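A short write-up of the structure that comes next.
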Amino acid sequence: MKNLFSIGELSKQQNISRQTLIFYDKIGLFPPAYVDPENGYRYYSSSQLDYLDTICIMKKIGFSLNEIKTYMENYTIDHSIVTLRKQLTIIEQQIQELQMIRNRVEHRCRQLEHAVAIRNSSDIVALENVKNQYILIQEVPSPHTLESVSIATKECFVRSFREQLPIFFQSGAIVPYEHILNGRYTEAAFAFLPIEKIDHVPGVVKLPAGKSVFTYHTGTYISIGKAYERILEYCRNKHLHIISDSYEFAINDYLSTGDEDEYITKIMFYVE
8 MKNLFSIGEL SKQQNISRQT LIFYDKIGLF PPAYVDPENG YRYYSSSQLD
58 YLDTICIMKK IGFSLNEIKT YMENYTIDHS IVTLRKQLTI IEQQIQELQM
108 IRNRVEHRCR QLEHAVAIRN SSDIVALENV KNQYILIQEV PSPHTLESVS
158 IATKECFVRS FREQLPIFFQ SGAIVPYEHI LNGRYTEAAF AFLPIEKIDH
208 VPGVVKLPAG KSVFTYHTGT YISIGKAYER ILEYCRNKHL HIISDSYEFA
258 INDYLSTGDE DEYITKIMFY VE
């Protein structure tokens, strides 16, 4: 038809699928200028192209279709300034969140690269001076089964996502020293997630800087006892006094492998 574009022509010209244009029509966002009553074909006028450009740009900026529809019912320069300023604030928040996620992914990559480097010598036991670090903890109910540890870990993740807490993409567990001495190596009292320093948040615990002893365990978690026996023997031979519970940091776990034989756990005690 004269001065009208078919849906196919508009789709090709504006690089928008026919299905999208049909959907925009159905929700009342961008109805055609004319619909042929005989065959139902949609046709659009040239005057509608600016309107469609506005929709596409608003969508690219990050507005939802409902927000775009509301905005375009009555948009003026004053209304546009308010709307775009509000969206700019949202974009800034998204940038900050993406930057945090980027840093977490980078941290995770370094962990995995370190795991690859040490997996063939993971029976090492050594001393190190650790810096202050923070963990978000979740209590594991008695009898401290592996299943309850897993559930507590999931609860930590759920809470951190809900409250947008600055966690690292790593998990861990705290096993009481008494449990270790009694051979109850897998009975953790708390699950935890390493987290950036954050004030006045319940459940966030500061691990102090200090002298520690550590080793790695490679393989299924159920077999972690041999690593504990190794680190306890080292402490006895070096006359080191263990002054804390065990802190287990998952270096390589279900988040990065489907093979439990590839699991790597760092075990750490504070000593003096």
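Just so we're aligned, residue 8 is where the sequence shown starts under our numbering, counting upward by one. Backbone N, C-alpha and C fix where the C-beta goes; we use that ideal spot for every residue, glycine too. In this text, all values refer to a predicted model and were calculated from it rather than measured experimentally.
- With 16 or more other Cβ atoms inside 10 Å of its own Cβ, PHE256 counts as buried.
- A distance of 7 Å or more separates the beta carbons of ASN139 and ALA195.
- A distance of 7 Å or more separates the beta carbons of ILE174 and PHE197.
- Beta-bridge partners assigned by DSSP to THR225: ILE271.
- In the DSSP secondary-structure assignment, VAL42 is bridged to ARG49.
- Note on geometry: alpha-carbon atoms of ARG25 and ASP57 lie some 18 Å from one another.
- By alpha-carbon distance to ASP260, the top candidate from THR227, ILE102, ASN127 is THR227.
- ILE238 sits close to VAL132, with the two beta carbons spaced by under 7 Å.
- TYR50 is the residue among ASN46, PHE37, ILE34, TYR50 whose C-alpha sits nearest the C-alpha of GLY15.
- Around the beta-carbon of TYR41, fewer than 16 other beta-carbon atoms lie within 10 Å, marking it exposed.
- Under the three-state reduction of DSSP, GLN177 is assigned to coil, being neither helix nor strand.
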